[in-house]
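Peer 1: Have a look at this one before I ask anything.
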Amino acid sequence: MELEKMKVTLFAVVLLACAPVFLRAQNTAQQPPARGTAAAPAARVPTPGEFPPYKAPHTTDGKPDFNGIWQSFVTADIDIQDHDAQPGPHPDIMGAYGAWPGGQGIVEGGEIPYKPEALAKKKDNAAKRMAVNITSDDRRHETGDPELKCYRPGIPRANYMPFPFQIIQSTDNVMMVYEFEHALRTIYMKEDKETPKDPPADSWMGWSHGHYEGDTLVVDTTGFVPYTWFDRAGDYHSDALHVVERYTLVSPYHIMYEATIEDPNVYTRPWKVSFPLYRRMEKNVQLVDFDCVEFVEKMLYGPYYKNPGK
Amino acid sequence: MGIRSRASLIASAILMAVVLFLPLWVTAQTKTAGASAKSEAKPAAAKTWVAPRTPDGQPDLQGYWTSLSFTPMERPAKYGDREFLTEEEAAQIHKEGIQHSYEFTFNDLAETPVYDATVYALSAWQEGVAPNRRTSLVVDPPDGKIPALTPEAAKMREAARKRGPNQDYADPKAPVKADVAEDLNLGERCISFGGPPILPGAYNSNFQIVQAPGYVTIEYEWNNEIRIIPLDNRPQLSQTIHRWHGDSRGHWEGNTLVVETSNFRPGATFQGANAKTLKMTEYFTRTDAKTIEYKFTIDDPSTWTKPWSAIVPLSHMEGPIPEYDCSENNNDAVNILAGARATEKAAEEKAKNISQR
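Chains as they are written, first to last, in the working numbering: chain F, 1 to 310; chain W, 311 to 667.
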């Protein structure tokens, strides 16, 4: 039980530090953990990053079964690279609610291999992450973090937002439904006339095809708009972004997630992120609404209001 | 790419116009066809067709579907108590509906230069919508009419009618109230395009069903709004949690998926029903490879004097359901608000000029 308590405490600390977006999740997370059935003591305390050999359960049509509600617990949405805790915007009124936790990055090797001019743009993005200038054309996408504006997070960011997502796995399609802005993607498991290999249009969540390699779901996604970011630190890509994700069930409660990110316009070589996804285990857990559109209207459209600023 | 979202103002207008005027229009369209009414035999059910199953044994509703229909919600008076049209009448209405839909979209081209109707019009003639022999979507009560409102609901609706809409697309000269984003409707705000129930719109009545063990999911194309329906008999959410599309629980009765929905958000219910008392039950039954019979029953004793039901045929269509980015490119919200400010400014200038003379 000591370990359980530590886990719950750690969980609560992370959630508390992560400000208002986490509050709802926290409510359910703070329920006392269900006491497991008595079992023989584990051989040893698990070592983070290591999973013992595991054979994943299969669906009735013989595929590794990814159905469930999943969530990451990294702080990569703030910065996918190593970062200190920060006060967040408006500490004068937001206090600890608005502060952002520090954390270890998810980028393999630590650094994103930006081209020099691209690194400058990333820094400029970060400096202007809260610059909101909404026009009735594409200029609205030139500045500011899309998350702030409640836009679809894109891939891989959707997978490490501090919100759960649900995998609905059928034979022909694997749907991933994210609680954040009910963003979703359908991963087509076959290529045909309706779902050809090439993207019919660019989109925020990309155009994805998948296949299984053993017990790993491999998802290949292209066709992105150039507007999504990877984090609040301004890490970005162009419309040449190509993401290959690998989802591997490594325990009944974990998926090891890995994504290879390629974009010759922005990086000197492909690079990787990885982190585990945790199965949400609260009894009757389900997604609820986080339709943040209504929370950002005043920020976005306020300048066009009858009494701006009121 | 936002091409569709840029057209969403037009879409909302079309949707509203068609929902409001469909009965009248169908009445007008069918003047000639009505005279040759024959027997009222029910459409023959397919005899040999066996409903497919998913690998885990659920009846398989998966695929791409459209609820597009040319049948009015309520039965036009001329049909009296006739529940079904003749094949000829139904075919004629269908033909005219397709033609009307075609003309409607192409007539709008000048006003929607970014909207390439030849590519993006998600329109009747491009989809697999099948003729419907019913004279109305409402099947119960048997007169094909939505039951009377309760006195309280009638009073509220009359008050809303007197207030008028904040934006009246049917009347370009009508004043627009757009002081803040909340003055716009939920669709214009990219918050919700409504439902359940699933009803026909003028276009883009499209959705996808995906099933996994223990779940049926319905993804509407409008704003990619999604309903994830658990089938495991779990209890309803607490009444303190509200959802834009309500919160659904499903179970199978034979080959029929029965879905009960509650926890609606006040202000986001069908026809202004009372979110606290509204009980909505939907029935999905696949009747052949290309059709789902979709029935819904609405029971809200604080809004209608008795429960009522409607049947909307869902026709198989070609996929996929693309991303519908909406808030990401909500230029309508900017333009409506900015337009209202420009109108105010022009009025101020005019008043100033008059006073200076």
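Every residue, glycine too, gets a C-beta built ideally from N, C-alpha and C.
What in chain F is Cβ-close to W:Asp391, meaning under 7 Å?
Peer 2: Locating residue 391 of chain W in the second sequence gives position 81, counting from the first residue. The premise fails here: W:Asp391 is roughly 42 Å from chain F at the closest Cβ pair, so nothing lies under 7 Å.
Peer 1: Hey, how far is the Cα of W:Asp489 from the Cα of W:Cys500?
Peer 2: On the second sequence, position 179 is the one that residue 489 of chain W refers to. On the second sequence, position 190 is the one that residue 500 of chain W refers to. Between W:Asp489 and W:Cys500, the C-alpha separation is close to 17 Å.
Peer 1: Going by C-alpha distance, which of W:Phe574, W:Pro475 and W:His561 is nearest W:Pro506?
Peer 2: On the second sequence, position 196 is the one that residue 506 of chain W refers to. The shortest C-alpha separation from W:Pro506 is found at W:Phe574.
Peer 1: Alpha carbon to alpha carbon, how far is F:Asn133 from F:Glu297?
Peer 2: As a working mapping, residue 133 of chain F is identified with position 133 in the first sequence. As a working mapping, residue 297 of chain F is identified with position 297 in the first sequence. Computed Cα separation, rounded: 12 Å.
Peer 1: Assuming F:Ile155 and F:Asn67 form a contact by the criterion Cβ under 8 Å, report the distance between their Cβ atoms to the nearest whole angstrom.
Peer 2: As a working note, residue 155 of chain F is residue 155 in the first sequence. As a working note, residue 67 of chain F is residue 67 in the first sequence. About 20 Å; that fails the 8 Å criterion.
Peer 1: For F:Arg152, return the contacting residues in chain W, with the cut-off set at a CB-CB distance below 7 Å.
Peer 2: To locate residue 152 of chain F, count along the first sequence from 1; it is residue 152. Within 7 Å Cβ-Cβ: Asp635 and Glu638.
Peer 1: Tell me the DSSP secondary structure of F:Tyr178 in three-state form.
Peer 2: Taking the first sequence and counting its residues from 1, one reaches residue 178 of chain F at position 178. Strand.
Peer 1: Is the distance from the Cβ of F:Thr222 to the Cβ of W:Gly629 below 8 Å?
Peer 2: By one-based count along the first sequence, residue 222 of chain F stands at place 222. By one-based count along the second sequence, residue 629 of chain W stands at place 319. The answer is no: Cβ separation not under 8 Å.
Peer 1: Using a Cβ cut-off of 9 Å, pull out every chain W residue sitting near F:Thr59, in sequence order please.
Peer 2: As a position in the first sequence, residue 59 of chain F is number 59, starting the count at 1. Result: Pro365, Asp366, Ala522 and Pro523.
Peer 1: Let's test the definition: count the other Cβ atoms within 10 Å of the Cβ of F:His83 and tell me whether it reaches 16, buried, or not, exposed.
Peer 2: Here residue 83 of chain F is taken as the residue at index 83 of the first sequence, counted from 1. The residue is buried, with at least 16 neighbouring Cβ atoms inside 10 Å.
Peer 1: Measure the Cβ-Cβ separation of W:Thr587 and W:Asp557 and say whether it is below 8 Å.
Peer 2: Along the second sequence, one-based indexing puts residue 587 of chain W at 277. Along the second sequence, one-based indexing puts residue 557 of chain W at 247. Cβ distance not < 8 Å, so W:Thr587 and W:Asp557 don't count as in contact.
Peer 1: List, in chain order, every chain F residue whose beta-carbon is nearer than 8 Å to that of W:Pro632.
Peer 2: As a first step, residue 632 of chain W must be located in the second sequence, where it is residue number 322. Pro200, Ala201 and Ser203, listed in chain order.
Peer 1: Hey, W:Arg553 and F:Val107: beta-carbon distance below 8 Å or not?
Peer 2: The count along the second sequence starts at 1 and reaches residue 553 of chain W at position 243. The count along the first sequence starts at 1 and reaches residue 107 of chain F at position 107. No.
Peer 1: Taking three-plus beta-carbon pairs below 8 Å as touching, is the segment 275–288 of chain F in contact with the segment 476–487 of chain W?
Peer 2: Short answer: they don't touch.
Peer 1: Alpha helix (DSSP H) containing W:Ser665: first to last residue?
Peer 2: Translated into positions along the second sequence, residue 665 of chain W becomes position 355. That run of the alpha helix (DSSP H) goes Asn641 to Gln666.
Peer 1: Apply the 10 Å Cβ neighbour rule to W:His626 and answer buried if 16 or more other Cβ atoms are within range, or exposed otherwise.
Peer 2: One-based indexing of the second sequence puts residue 626 of chain W at position 316. By the neighbour-count rule (16 or more Cβ atoms within 10 Å), W:His626 is buried.
Peer 1: Using a Cβ-Cβ cut-off of less than 7 Å, list which residues of the segment 58–80 of chain F approach chain W; keep chain order.
Peer 2: Result list: Thr59, Thr60, Asp61 and Asn67.
Peer 1: Within 10 Å of its beta-carbon, does W:Gln546 have 16 or more other beta-carbons around it, so buried, or fewer, so exposed?
Peer 2: On the second sequence, residue 546 of chain W is found 236 positions in, with the first residue counted as 1. Burial call: exposed.
Peer 1: I'd like to know if the segment 642–652 of chain W and the segment 531–547 of chain W are in contact, where contact means that at least 3 CB-CB pairs between them fall below 8 Å.
Peer 2: Taking 8 Å as the limit for Cβ pairs, the verdict is that the segment 531–547 of chain W does not touch the segment 642–652 of chain W.
Peer 1: Nearest by alpha-carbon distance to F:Gly336: which of F:Met205, F:Pro57, F:Lys193 and F:Ala99 is it?
Peer 2: This structure leaves residue 336 of chain F out entirely; chain F is present only between 1 and 310.
Peer 1: Measuring straight from C-alpha to C-alpha, what distance separates F:Pro303 and F:Thr135?
Peer 2: Counting from one through the first sequence, the residue named residue 303 of chain F turns up at place 303. Counting from one through the first sequence, the residue named residue 135 of chain F turns up at place 135. C-alpha separation (whole angstroms): 10 Å.
Peer 1: State the DSSP-derived secondary structure class of F:Val225, mapped to helix, strand or coil.
Peer 2: In the first sequence, residue 225 of chain F corresponds to position 225, counting from 1. Three-state DSSP puts F:Val225 in coil, outside helix and strand.
Peer 1: Are the Cβ atoms of F:His182 and F:Asp291 separated by less than 8 Å?
Peer 2: For the purposes of this step, residue 182 of chain F is taken as the residue at position 182 of the first sequence. For the purposes of this step, residue 291 of chain F is taken as the residue at position 291 of the first sequence. Yes, these two residues count as a Cβ contact at 8 Å.
Peer 1: If you draw a straight line from the alpha carbon of W:Leu319 to that of F:Tyr305, how long is it in whole angstroms?
Peer 2: Numbered from 1 along the second sequence, position 9 holds the residue referred to as residue 319 of chain W. Numbered from 1 along the first sequence, position 305 holds the residue referred to as residue 305 of chain F. Residue placement at W:Leu319 is poorly supported in this model, since its pLDDT is 38, which falls under 50; the coordinates are not used for a value here.
Peer 1: With a 10 Å radius around its C-beta and 16 neighbouring C-beta atoms as the bar for buried, classify W:Ser612 as buried or exposed.
Peer 2: For the purposes of this step, residue 612 of chain W is taken as the residue at position 302 of the second sequence. Exposed is the call here.
Peer 1: Suppose contacts are defined by Cβ-Cβ distances below 8 Å. Is W:Asp453 in contact with W:Arg385 by that definition?
Peer 2: On the second sequence, residue 453 of chain W is found 143 positions in, with the first residue counted as 1. On the second sequence, residue 385 of chain W is found 75 positions in, with the first residue counted as 1. Contact: yes.
Peer 1: Can you name the start and end residues of the alpha helix (DSSP H) that W:Val520 belongs to?
Peer 2: Counting from 1 along the second sequence, the entry for residue 520 of chain W is found at position 210. That residue, W:Val520, is in no alpha helix (DSSP H); its beta strand (DSSP E) goes Asn516 to Ala522.
Peer 1: With respect to the alpha helix (DSSP H) encompassing W:Ile602, which residues constitute its N-terminal and C-terminal limits?
Peer 2: Locating residue 602 of chain W in the second sequence gives position 292, where the first residue counts as 1. Premise fails: W:Ile602 lies in the beta strand (DSSP E), Thr601 to Asp609, not in any alpha helix (DSSP H).
Peer 1: For the segment 549–568 of chain W, list every residue whose C-beta sits within 7 Å of some C-beta in chain F, in sequence order.
Peer 2: Cβ contacts with chain F come from Ile551, Arg553 and Trp554.
Peer 1: Cutting at 8 Å between CB atoms, please list the residues of its own chain near W:Gly582, excluding the five before and the five after it.
Peer 2: If you number the second sequence from 1, residue 582 of chain W lands on position 272. Same-chain partners within the cutoff: Ala463, Met466, Arg467, Ala470 and Thr613.
Peer 1: Do we get a CB-CB distance below 8 Å when we pair F:Glu245 with the residues of chain W?
Peer 2: Within the first sequence, the letter at position 245 stands for residue 245 of chain F. Closer than 8 Å: no.
Peer 1: What would DSSP say about F:Pro303, mapped onto helix, strand or coil?
Peer 2: If you number the first sequence from 1, residue 303 of chain F lands on position 303. The answer is helix: DSSP assigns F:Pro303 an H, G or I state.
Peer 1: Taking any Cβ of chain W, which residues in the segment 152–172 of chain F have a Cβ under 9 Å from it, in chain order?
Peer 2: So the list reads Arg152, Gln166, Ile167, Ile168, Gln169, Ser170, Thr171 and Asp172, given in the order they occur along the chain.
Peer 1: Buried or exposed: where does W:Trp359 fall if 16 or more other Cβ atoms within 10 Å of its Cβ makes it buried?
Peer 2: Taking the first residue of the second sequence as position 1, residue 359 of chain W is located at position 49. Result: exposed.
Peer 1: What separation, rounded to the nearest whole angstrom, lies between the Cα atoms of W:Tyr530 and W:Ile508?
Peer 2: Counting from 1 along the second sequence, the entry for residue 530 of chain W is found at position 220. Counting from 1 along the second sequence, the entry for residue 508 of chain W is found at position 198. C-alpha separation (whole angstroms): 9 Å.
Peer 1: Closer than 8 Å is the cut-off here; do at least three beta carbon pairs connect the segment 96–112 of chain F with the segment 69–81 of chain F?
Peer 2: Yes, since at least three Cβ pairs between the segment 96–112 of chain F and the segment 69–81 of chain F fall closer than 8 Å, the two stretches touch.
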